[in-house]
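First comes the structure, then the notes that go with it.
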Amino acid sequence: MIRQQQVHPVLLAVGAVAVGAGLAVVTAGGSNTTAIQDLAEVEYAATQLSDTVYLVEPRPGLAGNLAVSVGDDGILLVDSDMMPLTDRIKATIAGLKPGAIDFMVNTHYHYDHAGGNAGFGSDSLIMAHESIRRRLMEGREAGNRFRDTPTPAEALPVVTFEDGLSLHWNGERVDAIRTSNPSHTDGDTVVFFRDSNVLHTGDQYVNLNGFPYIDRDVGGHALGLRDNIAEMLAMIDDETRVIPGHGPLASKADLQHYHDQVAVSIAHIQEAKEAGQALEQIQEAGLPERFTDFTGFQPEGAWIQYVFASLDD
Ligand SMILES: [Zn+2]
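Numbering-wise (our numbering), the sequence shown opens with residue 52 and increments by one.
See below:
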């Protein structure tokens, strides 16, 4: 994929295994001219998934997938991507329905999903899990990377929740659900548009034919991610449209395959660790053949490291 080719050289250049969703704009500090030029090329495409719900997708996929509910009650947006993209997001949504965006829900704190909050907070009521607000207040962007300046007040969620909340909006129930376990981060939230039968997973599911990122700096946990994906699978059916944090629109079958890849790899790493192998030995031996082509996102060695460390928690 285009995105993969753009991501990996940058990550190698800054010596980072992965930060955020592993995006090209991540540097060890300072500006990145190439990344800014890349962002200038980003356009948003809206795909209608039900009477009211749309996938709003950045192309190329340098930021997260958005979901928006548009109807008689108004507009609800899931995630905000990054500040340089705010005007393009607003223009895309205005093309669906003019007017203010009433509500926003953040799926997690990473800069490529909540980094645009400040551009919406004066007009929109931002709602999020308590730890998302806490991480934003820390100025944390992803992993151990922080903003240079304090997070503006208008970027902070105004309504916070612990387990979840429900909106009755545009003719259906919309549930923001904090999945049970630490996972991609410590506050991952999915948004389920019940009647539309659309689930936005946040970055717990990245549909790029590869392993996910685990933000260990905030207590993210590989086994928790596996179990949270199982929770999502129990919520949905074969007709559900699944919006991943990044990558193309998916189905329950796609999410099931991802779950199985995650679960089988964890079982393999756990078995090797319990047999006394060190992290480096497991990385050197590599994962079984079924993972040979599962290389579209996190490097295999990084995933083994996340799992190995999670098994010690
Ligand atoms: Zn993320």
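Don't be surprised by glycine CBs; every beta carbon is placed ideally from N, CA and C.
This structure is a prediction, so every number in the text was calculated from the model and none was measured.
Which stretch, first to last residue, makes up the alpha helix (DSSP H) that contains residue i?
{"i": "residue 188", "result": "181 to 189"}
{"i": "residue 297", "result": "Premise fails: residue 297 is in no alpha helix (DSSP H) and is neither H nor E."}
{"i": "residue 352", "result": "351 to 362"}
{"i": "residue 276", "result": "273 to 286"}
{"i": "residue 331", "result": "330 to 336"}
{"i": "residue 256", "result": "That residue, residue 256, is in no alpha helix (DSSP H); it is neither H nor E in DSSP."}
{"i": "residue 318", "result": "303 to 325"}
Output needed for residue i: all residues of its chain with C-beta closer than 8 angstroms, excluding positions within five of it in sequence on either side, in chain order.
{"i": "residue 31", "result": "Here the chain covers residues 52 to 364 and nothing more, so residue 31 does not appear."}
{"i": "residue 6", "result": "Residue 6 is absent from the structure shown; the chain starts at 52 and stops at 364."}
{"i": "residue 217", "result": "224, 225, 226, 227"}
{"i": "residue 245", "result": "223, 224, 225, 226"}
{"i": "residue 215", "result": "226, 227, 228, 229, 240"}
{"i": "residue 312", "result": "262, 341, 342, 345"}
{"i": "residue 326", "result": "none"}
Leaving aside the five residues before and after residue i along the sequence, list all residues of the same chain whose C-beta is less than 6 angstroms from its C-beta, in chain order.
{"i": "residue 251", "result": "118, 129, 242, 294"}
{"i": "residue 289", "result": "303"}
{"i": "residue 346", "result": "261"}
{"i": "residue 209", "result": "176, 177"}
{"i": "residue 350", "result": "none"}
{"i": "residue 221", "result": "103, 120, 122, 124"}
{"i": "residue 160", "result": "183, 186, 187"}
Where DSSP assigns a beta bridge to residue i, which residues make up the other side?
{"i": "residue 126", "result": "121"}
{"i": "residue 261", "result": "346"}
{"i": "residue 177", "result": "155"}
Between which residues of its own chain and residue i is the CB-CB distance below 7 angstroms, once the five residues before and five after are set aside?
{"i": "residue 360", "result": "267"}
{"i": "residue 190", "result": "197, 198, 201, 202"}
{"i": "residue 64", "result": "Note on residue 64: pLDDT 27, under 50, position unreliable in the model; no value is reported."}
{"i": "residue 100", "result": "106, 247, 249, 292"}
{"i": "residue 257", "result": "72, 263, 295, 296, 297, 298, 348"}
{"i": "residue 362", "result": "321, 324"}
{"i": "residue 184", "result": "207, 208, 211"}
{"i": "residue 152", "result": "126, 128, 144, 171, 174, 175"}
{"i": "residue 205", "result": "169, 172, 173"}
{"i": "residue 305", "result": "258, 293"}
{"i": "residue 301", "result": "258, 293, 295"}
Is residue i near residue j, with beta carbons less than 8 angstroms apart?
{"i": "residue 158", "j": "residue 253", "result": "yes"}
{"i": "residue 98", "j": "residue 247", "result": "no"}
{"i": "residue 93", "j": "residue 113", "result": "yes"}
{"i": "residue 133", "j": "residue 174", "result": "no"}
{"i": "residue 187", "j": "residue 165", "result": "yes"}
{"i": "residue 95", "j": "residue 140", "result": "yes"}
{"i": "residue 233", "j": "residue 180", "result": "no"}
{"i": "residue 310", "j": "residue 339", "result": "no"}
{"i": "residue 358", "j": "residue 317", "result": "yes"}
{"i": "residue 276", "j": "residue 235", "result": "yes"}
{"i": "residue 149", "j": "residue 90", "result": "no"}
Can you tell me where the beta strand (DSSP E) with residue i in it begins and where it stops?
{"i": "residue 294", "result": "292 to 294"}
Any beta carbon of chain D sitting closer than 8 angstroms to that of residue i?
{"i": "residue 353", "result": "The displayed structure is made up of one protein chain only, and chain D is not part of it."}
_As an exercise, report each continuous beta strand (DSSP E) stretch of at least 3 residues that is fully enclosed by the region 92 to 171, in chain order._
94 to 99, 104 to 110, 117 to 122, 125 to 129, 154 to 156
*Can you give, in chain order, each stretch of the beta strand (DSSP E) that sits fully within the region 187 to 253 and has at least 3 residues?*
191 to 193, 210 to 212, 215 to 220, 223 to 229, 240 to 244, 249 to 251
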